[in-house]
Amino acid sequence: AAMVKEGEFREDLYWRLNVLSLNVCPLRERKEDIPLLVEHFLERYATPLGLEQPRVSEQTMELLTTYEWPGNVRELQNCIYSAMTITGSSRIEPADLPRRIYSDSRQPDISVAAPGRTSLAQIAAEATAKAEQEAINKALSEANGNREKAAELLGIGRKTLYRKLKQYGIITSD
Numbered sequence: 001a002a003m004v005k006e007g008e009f010r011e012d013l014y015w016r017l018n019v020l021s022l023n024v025c026p027l028r029e030r031k032e033d034i035p036l037l038v039e040h041f042l043e044r045y046a047t048p049l050g051l052e053q054p055r056v057s058e059q060t061m062e063l064l065t066t067y068e069w070p071g072n073v074r075e076l077q078n079c080i081y082s083a084m085t086i087t088g089s090s091r092i093e094p095a096d097l098p099r100r101i102y103s104d105s106r107q108p109d110i111s112v113a114a115p116g117r118t119s120l121a122q123i124a125a126e127a128t129a130k131a132e133q134e135a136i137n138k139a140l141s142e143a144n145g146n147r148e149k150a151a152e153l154l155g156i157g158r159k160t161l162y163r164k165l166k167q168y169g170i171i172t173s174d
């Protein structure tokens, strides 16, 4: 309406489009819809990708339903498409998901891949997490628990250090 007043949008077009107004909640507020959407995207992409429709492991579905989805349904859609193109099996595992999905759910777990299946991305994520934890603990020790000094030693911002302390469950005295 403001753009119509400013003459930046045609008034007749505004009223033609303004017939029905819908309020759609973000995906993070509709977690119960995620399994249905995942199933829909699996069906939708299986044939074009020349795949038999894969299943999603329980761990994968748990990760998908706990992730916040800042990109809403489009991000979920892209995530499923990506996982389907990456996986070489009939089952999508957490390691087939983009790293942000399983690294957002705190500490990556070594059990995210199916037995006998380990992805390079998973190994890298686990090694990175372990190295970060060790570096943070060492810096905190050298800084006598002073977070600001530890962040400086690590070459990262204070807020980044606080986020990583929370992410890895590292408790400090101050």
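Here the sequence shown stands for residues 1 to 174, where the numbers follow the UniProt record's numbering. Where is the CB? At the ideal position from N, CA and C, for every residue including glycine. Quick caveat, the model's predicted, so the values are computed rather than measured.
Limits of the alpha helix (DSSP H) - the one that residue i falls within
i, result
"residue 78", "72-86"
"residue 41", "34-46"
"residue 154", "147-154"
"residue 15", "11-17"
"residue 163", "158-168"
"residue 64", "58-66"
8 Å CB neighbourhood of residue i in its chain, flanking five on each side removed
i, result
"residue 161", "136, 147, 150, 151 and 154"
"residue 127", "none"
"residue 16", "none"
"residue 1", "14"
"residue 76", "27, 34, 37, 38, 41, 64 and 69"
Spatial neighbours of residue i in its chain, beta-carbon cut-off 6 Å, leaving aside the 5 residues before and after
i, result
"residue 55", "91"
"residue 45", "81 and 84"
"residue 65", "31 and 34"
Distance between residue j and residue i (C-alpha atoms, nearest Å)
i, j, result
"residue 38", "residue 31", "11 Å"
"residue 63", "residue 94", "7 Å"
"residue 133", "residue 47", "43 Å"
"residue 143", "residue 34", "44 Å"
"residue 140", "residue 129", "16 Å"
"residue 11", "residue 21", "17 Å"
"residue 6", "residue 68", "37 Å"
"residue 36", "residue 52", "18 Å"
"residue 100", "residue 88", "21 Å"
"residue 86", "residue 157", "34 Å"
"residue 172", "residue 42", "44 Å"
"residue 29", "residue 73", "12 Å"
"residue 166", "residue 23", "34 Å"
"residue 58", "residue 163", "28 Å"
Contacts around residue i, its chain only, beta-carbon distance under 7 Å, and the 5 residues preceding and following it disregarded
i, result
"residue 97", "60, 63, 79 and 83"
Supposed close pair residue i, residue j - CB separation, criterion 8 Å
i, j, result
"residue 125", "residue 103", "6 Å"
Minimum Cβ-Cβ distance from residue i to chain C less than 7 Å
i, result
"residue 86", "In the structure shown, chain C cannot be found, because there is only a single protein chain."
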